[in-house]
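To keep things clear, I will list the structure first and then write my remarks on it.
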Amino acid sequence: MIDWQSFTPISALAGGAIIGLATAFLLIFAGRIAGISGIVGGLFRLQKGDFGWRAAFVAGLLLAPWLWRWFDELPAIQVETSHGLLALAGLIVGLGTRYGSGCTSGHGVCGLSRLSPRSIVATLLFMTMGMITVYVFRHGLH
């Protein structure tokens, strides 16, 4: 069942185009992959001349919702779980990005666009596991 009230193809297309342009610019002008886990992780093991672009990228991610509020209302966020379960989920995602040598943005956006075999496999795996997880939690745990 599609929630037609929340179906927003124009804004989704615009957002995807902006993400694509941003990742292309970072690759073309800085020679870097826009994988969030790698960018944030690199802030903790800095190399000379590496801090500025990483900090600017993360600052942009953090400031974007604040800036958006000037133009429109942010959607309501409703989290229906405990803080402990959220922390556990974050830990599992962090382990997955470590074992998978990257995150969804690195593999799914940048790696697929470069036709990286490793990214194709990683994206297929995390999409499949995401679908299985949703199915189990919505239909299998009654």
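Here the sequence shown stands for residues 57 to 198, where the numbers follow our numbering.
Quick reminder that beta carbons are idealized off the backbone N, C-alpha and C, glycines included.
All figures in this text were calculated on a predicted structure; none of them were measured in a lab.
- request: Can you tell me which of the three DSSP states P160 falls into?
  value: Against the sequence shown, residue 160 aligns to sequence position 104. A small fix is needed here, since residue 160 is Thr in this sequence, not Pro. Correct three-state label for T160: helix.
Nearest to R170 (by Cα), restricted to the options T64, I92, I84: The sequence position of residue 170 within the sequence shown is 114, counting from 1. R170 has its Cα closest to that of I84, out of T64, I92, I84.
message: For a test of the three-state rule: what should DSSP assign to F100, helix, strand or coil?
response: What you label residue 100 is simply residue 44 of the sequence shown in a count that begins at 1. In this structure, F100 counts as coil in the three-state DSSP scheme.
query: Taking Cβ to Cβ, would you say C159 is nearer than 7 Å to I92?
result: Position 103 of the sequence shown, counted from the start, is the residue given in the question as residue 159. Position 36 of the sequence shown, counted from the start, is the residue given in the question as residue 92. In this structure, I92 lies closer than 7 Å to C159 by Cβ.
message: Distance check for W109 and M187, CA to CA, integer angstroms please.
response: Within the sequence shown, numbered from 1, the residue matching residue 187 stands at position 131. Within the sequence shown, numbered from 1, the residue matching residue 109 stands at position 53. Spanning the two alpha carbons is a distance of roughly 34 Å.
Own chain residues within Cβ distance below 6 Å of S175, not counting five before or after: To locate residue 175, count along the sequence shown from 1; it is residue 119. Excluding sequence positions up to five before and after S175, its CB lies within less than 6 Å of the CB of H163, G167, L168, all in the same chain and listed in chain order.
message: Looking at the secondary structure, which residues open and close the alpha helix (DSSP H) in which W109 lies?
response: Here the question's residue 109 lines up with position 53 in the sequence shown. Segment 107–124, the alpha helix (DSSP H) holding W109.
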